[in-house]
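First the structure, in the form of structure tokens, and then the observations on it.
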């Protein structure tokens, strides 16, 4: 399975090149990731209440084609790698109804204890839920 | 009539105070304004094709109560003042399902010629449509 | 007296119109305000240690002429109004070496208790220092 | 040789976690890269006049330790790889006066023709200048 989230391009997202500022795709991807986790029943407040949170450990990004003002984008989320305390998400940005990848990123997030920021295993049910979203 | 647009608060929108960074409400309001104009049939591309665009002339903002991470907000758009070449929008930010105003702004936008950036009358049909959205 | 802070325009600050995104002038102004308070001996950490912080209560902004990529700007800070628990700053954005105002804002910040966010008198020495920066 | 640029952390750069929002390090790095190229005599305007510009092709980023509000950072720029039409920059973020890396990124930028966005060799003198900044 794969999860997707719609993102509209507003002026705030563009730069003087007339296209989406490359840094902002990472914001779009985080919005999709956040909604994905919410969809699985784990929003930030929920996780924090249970004493854990995700932090971004590392990422890579490839920029293939530009998105523009007013574009309606679709940002996908899939699981690339799953360990006890970390997940690597594969995320892609498309124009709605088009299969051409505009930008792509692998983002490794680690589960940490909110008190001391030390690595922590993620909740079992979250891990079980994430298993359904492995990328092919 | 009034137009409203939903905005979710993501980490990108917050600051070290744990709340939405006050500058970002203006981005939320622009998203709502953009969707409002799109709803009326005038997205950016459309207007630019006709040789005109809106630029922000001035604004004020009042901050009344903070929005927080994961909040689902509702951003309203109404017309405060309408002239041949400019509109003052009244925009308010609420938490979804709540009538308490978190932030409020009057934003004056002016219609300009895309070639020379000189003031220009806005399209008649846009003006007619905007008349239906006067704030009470 | 007046305090000024240099700000360079980078791609992150621009929008598809090829100019500085109007919302971002407020960030430039906050940088200048922050450096002004640091110059007076009150950075955020300092104030918070003493149990108080400034929050933005309201603002207005006028946009007069656009700044562009690579521009070297100068952002001024002066005091417009000074009360026990609040200050109105007058801030202006210029191109370095030019007296033409590109954007201008009056920004009211209120001193609050960091614990309960209730209004609080600002430190006496800060108030005394601010008096030297009244705008003419 | 290595080039460094100072960056101060303002409220706009932080998130609800009380630290610099991870996406924003990429903005800090671009500021340093831009100043580096300006230092070599090639600002954006200059390059565009000559019909070429740099676009970000891909990047990776590793987050090692958080920067906080009011921190004075130092962002370094070195050349990792140099080809006719592209450069990979190695960039690191430190706290001023400290050698501990907070964040690190390899960023590949490609030189393109401003007209058709097709790959282009970069100016010879720029390439010659970049050779002096190879990372060890």
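Protein chains in written order, with the numbering used here: chain L, 1 to 136; chain U, 137 to 272; chain G, 273 to 408; chain P, 409 to 544. From the three backbone atoms N, C-alpha and C, an ideal C-beta is built for every residue, glycine too.
TODO: Starting from residue 431 (chain P), find everything on chain U with Cβ-Cβ shorter than 8 Å and list it in chain order.
DONE: Result: 148.
Task: Cβ-based neighbour list, residue 315 (chain G), same chain, cut-off 8 Å, excluding 5 preceding and 5 following - done: 306, 309
- [ ] Could you tell me how far apart the beta carbons of residue 531 (chain P) and residue 458 (chain P) are, in whole angstroms, since I believe they sit closer than 8 Å?
- [x] At roughly 7 Å, the Cβ-Cβ gap stays under 8 Å, so residue 531 (chain P) and residue 458 (chain P) are in contact.
Task: Neighbouring residues, chain L, relative to residue 470 (chain P) (Cβ below 7 Å) - done: Those are 58, listed as they occur along chain L.
TODO: Mark residue 108 (chain L) as exposed unless 16 or more other C-beta atoms lie within 10 angstroms of its C-beta, in which case mark it buried.
DONE: buried
Open item on the list: Just to make sure I have the definition right: I need the residues of chain P whose C-beta is within less than 9 Å of the C-beta of residue 316 (chain G). Which are they?
Closed with: Within chain P, the residues near residue 316 (chain G) are 419, 477, 478.
TODO: Mind listing the chain G neighbours of residue 238 (chain U)? Cutoff is C-beta to C-beta under 9 Å, in chain order.
DONE: Simply none; closest approach about 13 Å.
Task: Cβ distance (whole Å) where residue 181 (chain U) is taken to contact residue 70 (chain L) below 8 Å - done: 6 Å
Open item on the list: Between residue 299 (chain G) and chain U, is any beta-carbon pair separated by less than 7 Å?
Closed with: yes
TODO: Tell me, please, whether the CB atom of residue 386 (chain G) is closer than 7 Å to any CB atom in chain P?
DONE: no
Task: Best match in P:455, P:535, P:518, P:485 for proximity to residue 63 (chain L) [C-alpha to C-alpha] - done: P:518
TODO: Work out the CA separation of residue 435 (chain P) and residue 539 (chain P) for me, nearest whole Å.
DONE: Distance between the alpha carbons of residue 539 (chain P) and residue 435 (chain P): 24 Å.
Open item on the list: Judging by CA-CA distance, which residue of G:325, G:339, G:292 is the nearest neighbour of residue 370 (chain G)?
Closed with: Considering only alpha carbons, the answer is G:339.
- [ ] Answer yes or no: do residue 230 (chain U) and residue 213 (chain U) have a C-beta to C-beta separation smaller than 7 Å?
- [x] no
Open item on the list: Taking the beta carbon of residue 273 (chain G) as the centre, do at least 16 other beta carbons fall within 10 Å, making it buried, or is it exposed?
Closed with: exposed
TODO: Please report how far the alpha carbon of residue 304 (chain G) lies from the alpha carbon of residue 312 (chain G), in whole angstroms.
DONE: 12 Å
Open item on the list: Check this for me: beta carbons of residue 6 (chain L) and residue 74 (chain L), under 7 Å apart or not?
Closed with: yes
- [ ] Flag residue 505 (chain P) as yes if its beta-carbon sits less than 7 Å from any beta-carbon of chain U, otherwise no.
- [x] no
Task: Contacts of residue 65 (chain L) in chain G (Cβ-Cβ under 8 Å) - done: Those do not exist, as residue 65 (chain L) stays about 16 Å from chain G at its closest Cβ, beyond 8 Å.
- [ ] Return the bridge partner residues of residue 350 (chain G) from the DSSP annotation.
- [x] G:362
TODO: Report yes or no: is there a C-beta of chain P within less than 7 Å of the C-beta of residue 154 (chain U)?
DONE: So yes, residue 154 (chain U) belongs to the interface.
TODO: Determine the DSSP secondary structure at residue 34 (chain L), reduced to helix, strand or coil.
DONE: Residue state, collapsed to three classes: helix.
Task: Interface flag, residue 31 (chain L) vs chain U, CB-CB below 7 Å - done: yes
- [ ] Following the continuous alpha helix (DSSP H) through residue 399 (chain G), name the residue where it begins and the one where it ends.
- [x] 396-402
- [ ] With a cut-off of 8 Å on the beta carbons, I'd call residue 324 (chain G) and residue 285 (chain G) a contact; round off their distance for me.
- [x] Taking the Cβ atoms as the reference, residue 324 (chain G) lies roughly 31 Å from residue 285 (chain G), outside the contact range of under 8 Å.
TODO: Using a threshold of 7 Å, state whether the C-beta atoms of residue 489 (chain P) and residue 416 (chain P) are closer than that.
DONE: no
Task: Start and end residues, beta strand (DSSP E) containing residue 185 (chain U) - done: Taken as a continuous stretch (DSSP letters only), residue 185 (chain U) belongs to no beta strand (DSSP E), being part of the alpha helix (DSSP H) at 180-185.
Open item on the list: In whole angstroms, give me the CA-to-CA distance for residue 19 (chain L) and residue 103 (chain L).
Closed with: 13 Å
TODO: State yes or no: is the beta carbon of residue 408 (chain G) nearer than 7 Å to at least one beta carbon in chain L?
DONE: no
Task: Simplified DSSP state of residue 437 (chain P), which is helix, strand or coil - done: helix
Open item on the list: Per the DSSP calculation, residue 344 (chain G) is bridged to which residue(s)?
Closed with: Bridge partners of residue 344 (chain G): G:280.
Open item on the list: Can you tell me where the beta strand (DSSP E) holding residue 243 (chain U) begins and where it ends?
Closed with: 237-249
Open item on the list: Taking its Cβ as the centre, do 16 or more other Cβ atoms sit within 10 Å of residue 126 (chain L), making it buried, or is it exposed?
Closed with: buried
TODO: Tell me where the beta strand (DSSP E) around residue 196 (chain U) begins and ends.
DONE: 188-199
TODO: List the residues that DSSP assigns as beta-bridge partners of residue 119 (chain L).
DONE: L:112
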